[in-house]
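For the sequence shown, the working numbering begins at 23 and goes up steadily by one.
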Amino acid sequence: MDYQFSDVINSIEPSFIREMLKLTTNKEIISFAGGLPDPQLFPYEDIKNATNSMFAKHKESLFQYSTTEGHQGLRDWIAARFSKAHDVEVSADQVMIVSGSQQALDLVGKIFINPQDTVAVESPSYLGAIQAFKMYSPKLQEVHLATDGVDIEQLQRVMASEKTKFFYGIPNFQNPTGITYSEDKRRRVADVLKASGKIMLEDDPYGGLRFPGTSDSTQSIYSLAPDNVIYMGSFSKIFVPGFRLGWVIAPTKIITNLVIAKQAADLHTNSFVQAILYEYVKTHNLDEHIDLIKTDYAKKKQYMVEAINTHMGDAIDIYPTNGGMFIWMKVHGVIASDLMPYAIKQNVVFVPGEAFSLSKGYQDHMRLNFTNLDYDQIDQGVINLKQALLAYRQDNPLEAAS
Ligand SMILES: Cc1ncc(COP(=O)(O)O)c(C=O)c1O
23 MDYQFSDVIN SIEPSFIREM LKLTTNKEII SFAGGLPDPQ LFPYEDIKNA
73 TNSMFAKHKE SLFQYSTTEG HQGLRDWIAA RFSKAHDVEV SADQVMIVSG
123 SQQALDLVGK IFINPQDTVA VESPSYLGAI QAFKMYSPKL QEVHLATDGV
173 DIEQLQRVMA SEKTKFFYGI PNFQNPTGIT YSEDKRRRVA DVLKASGKIM
223 LEDDPYGGLR FPGTSDSTQS IYSLAPDNVI YMGSFSKIFV PGFRLGWVIA
273 PTKIITNLVI AKQAADLHTN SFVQAILYEY VKTHNLDEHI DLIKTDYAKK
323 KQYMVEAINT HMGDAIDIYP TNGGMFIWMK VHGVIASDLM PYAIKQNVVF
373 VPGEAFSLSK GYQDHMRLNF TNLDYDQIDQ GVINLKQALL AYRQDNPLEA
423 AS
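Here's what the structure looks like:
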């Protein structure tokens, strides 16, 4: 049967890399490619206890339809927590609960993008956001991401165009690079937004994961330009991803339209898991739990950086990062997607840099995840990667490749 799909869906090609990664379900393969939190750190017992106490308290209301904006108690709690952490006044009616922050990317696309509008994105950027925006047929404009944040002159130029609707950025421990904006860059981005009268979609799933003993600023750009920013937070990396819970903070005029778009999408986010999370945050200390995650990830990241430096030190440059879930590195004289078949043969996978680029840049870069592996797997994976690189170099000598 010849199905008559929409032009939009027909225009989106399945990613070559994702197809390749599908081949890697083999248990032997050590995957640095994913972006999964460490399941050992999910608070199973605490969630069980919170669920039981919620059942005891609220039997009748647990399974009814609920409001699109989300659980009132949870919205109050998020507003208060964010206001305190970012030294800004946010009220609960500026908060909407979403089904993972991924849904916010879609809803923002729905309410802002007309076909051929321009959306500015960091280069490189999070694939899932690009995919969400593409459903609304914008022109995506890359803005270079330097090691202290986005290139301000370039951003200014793009935001000055009438066609530009918003800038999408991840200022804290970015996916894929781990880059965090300096304080100065945060202020300058806020200035560009105010001067251009444009908005930013500030995606912050990793800001809560700053490693102990480090001091990078994670002050939200929202707090510097509250009329010009839609802030997105997520419980996926600081609690559990399977609940699919995130939140948006935005000016109420924007929330009103997001609510309309969300009603059409799913009426409301699963109210049962919202109630469990609310019970959890009321009866447990989320910050203590986040401290456990940060301490564990900091150790694993350090361990992996040392392993890479030991085995591949002369071939790579690792970008420094003090939080999040990824190592981003340049491998000299390599086309990372061509290295992939060699890596699969050695039972290890990663994501080639060009997967995060609209202009096929970063071909000699790769993203490696360190959160969902144990120390032995990290060791073995890095050794396998080195073997893959040696085999690749035999077929592609450095002089010829660079
Ligand atoms: C930058 C970024 N934004 C958004 C998401 C989506 O997260 P979730 O929908 O689980 O909140 C992810 C997931 O990895 C991400 O890396």
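Just so you know, even glycine gets a beta-carbon here, dropped at the ideal spot from N, CA and C.
Owing to the predicted nature of the structure, the values given are computational and were not obtained by experimental measurement.
Proximity below 8 Å, CB of residue i to CB of residue j
{"i": "Phe64", "j": "Val281", "result": "no"}
{"i": "Gly4", "j": "Leu231", "result": "Lying before the first or after the last residue shown, residue 4 is absent from the chain, which here runs from 23 to 424."}
{"i": "Ile51", "j": "Val353", "result": "no"}
{"i": "His290", "j": "Gly92", "result": "yes"}
{"i": "Val225", "j": "Ser145", "result": "The amino acid at residue 225 is misidentified as Val; the sequence shows Asp. No; because the gap between Cβ atoms is not below 8 Å, this pair is not in contact."}
{"i": "Thr236", "j": "Ser183", "result": "no"}
{"i": "Met351", "j": "Asp336", "result": "no"}
{"i": "Ile135", "j": "Asn279", "result": "no"}
{"i": "Asn194", "j": "Ile221", "result": "no"}
{"i": "Gln295", "j": "Leu267", "result": "Strictly speaking, residue 295 in this sequence is Val, with Gln absent from that position. Yes, they are a contact pair."}
{"i": "Tyr300", "j": "Gly131", "result": "no"}
{"i": "Ser121", "j": "Asp288", "result": "yes"}
{"i": "Ile34", "j": "Lys156", "result": "yes"}
{"i": "Ile174", "j": "Lys207", "result": "yes"}
{"i": "Pro227", "j": "Ser204", "result": "no"}
{"i": "Tyr190", "j": "Ala151", "result": "yes"}
{"i": "Thr90", "j": "Lys284", "result": "yes"}
{"i": "Phe54", "j": "Gly375", "result": "no"}
{"i": "Tyr397", "j": "Tyr341", "result": "no"}
{"i": "Leu215", "j": "Ala247", "result": "yes"}
Cutoff 8 Å; reference residue i; Cβ partners in own chain excluding five residues on either side
{"i": "Ile298", "result": "Ile69, Ala72, Thr73, Met76, Phe265"}
{"i": "Asn406", "result": "Ile52, Ala365, Gln368, Asn369, Val370"}
{"i": "Lys323", "result": "Phe233, Thr343, Ile349, Phe392"}
{"i": "Leu411", "result": "Met334, Ala337, Val353, Val356, Leu361, Tyr364"}
{"i": "Ser245", "result": "His108, Asp109, Val110"}
{"i": "Gln138", "result": "Ser159, Pro160, Lys161, Lys185"}
{"i": "Gln176", "result": "Val165, His166"}
{"i": "Glu421", "result": "none"}
{"i": "Val180", "result": "Thr140, Ala142, Gln163, Val165, Thr186, Phe189"}
According to DSSP, residues forming a beta bridge with residue i
{"i": "Glu271", "result": "At residue 271 the sequence reads Ile, which differs from the Glu that was named. Looking at the DSSP assignment, Ile271 forms a beta bridge with Val117, Tyr253."}
{"i": "Pro374", "result": "Met388"}
{"i": "Val141", "result": "Leu162, Phe188"}
{"i": "Ala53", "result": "In the sequence as presented, Ala is not what sits at residue 53; that position holds Ser. DSSP lists Val371 as partners of Ser53."}
{"i": "Asp225", "result": "Met254"}
{"i": "Leu280", "result": "Answer is none; Leu280 lacks a bridge partner."}
{"i": "Arg232", "result": "Gly345"}
{"i": "Lys352", "result": "Asp339, His387"}
{"i": "Ala168", "result": "Gly171"}
Neighbourhood of residue i by C-beta distance below 7 Å, restricted to the same chain and skipping five residues each side
{"i": "Thr274", "result": "Asp115, Gln116"}
{"i": "Ile276", "result": "Ile252"}
{"i": "Ala413", "result": "Tyr364"}
{"i": "Glu164", "result": "Val143, Ser145, Leu380, Ser381"}
{"i": "Asp60", "result": "Asp318, Thr393, Asn394"}
{"i": "Glu328", "result": "none"}
{"i": "Tyr25", "result": "none"}
{"i": "Lys408", "result": "His333, Met334"}
{"i": "Asp417", "result": "none"}
{"i": "Phe85", "result": "Phe294"}
Chain-order list of residues whose beta-carbon lies under 6 Å from that of residue i (same chain, five-residue window excluded)
{"i": "Met254", "result": "Ser123, Ala126, Asp225, Val270"}
{"i": "Ser293", "result": "Ser88"}
{"i": "Asp128", "result": "Ala154"}
{"i": "Ala423", "result": "In this predicted model, Ala423 has a pLDDT of only 47, less than 50, meaning its place in the structure is not dependable; the value taken from the coordinates is given anyway. For Ala423, where only same-chain residues beyond five positions count, the Cβ hits under 6 Å are Gly355."}
{"i": "Leu390", "result": "Phe54, Ile349, Phe372"}
{"i": "Gly229", "result": "Asn194, Thr240"}
{"i": "Arg210", "result": "Ile174"}
{"i": "Arg415", "result": "none"}
Closer than 8 Å to chain B by CB, residue i
{"i": "Ile349", "result": "Any reference to chain B falls outside this structure, which holds one protein chain only."}
Three or more beta-carbon pairs under 8 Å between the stretch 227–243 and the stretch 378–387, yes or no? Judged by Cβ distances under 8 Å, the stretch 227–243 makes no contact with the stretch 378–387, as fewer than three pairs qualify.
Taking only runs of the beta strand (DSSP E) that begin and end inside the stretch 173–213, which ones reach a length of at least 3 residues, in chain order? List check, beta strand (DSSP E) in window: 186–191.
Cβ contact check for the stretch 162–182 and the stretch 102–116: 3 or more pairs under 8 Å: The way I'd put it, the stretch 162–182 doesn't touch the stretch 102–116; fewer than three beta-carbon pairs between them come closer than 8 Å.
Would the stretch 310–322 count as touching the stretch 196–206 if we require 3 or more Cβ pairs under 8 Å? Too few Cβ pairs lie closer than 8 Å, so no.
Whole alpha helix (DSSP H) runs in the stretch 61–130 with 4 or more residues, listed along the chain? As far as the stretch 61–130 is concerned, its whole alpha helix (DSSP H) runs of at least 4 residues are 66–80, 94–108.
Return the chain-ordered ranges of every beta strand (DSSP E) run that is complete within the stretch 283–343 and spans a minimum of 3 residues. DSSP runs (the beta strand (DSSP E)) wholly in the stretch 283–343: 338–340.
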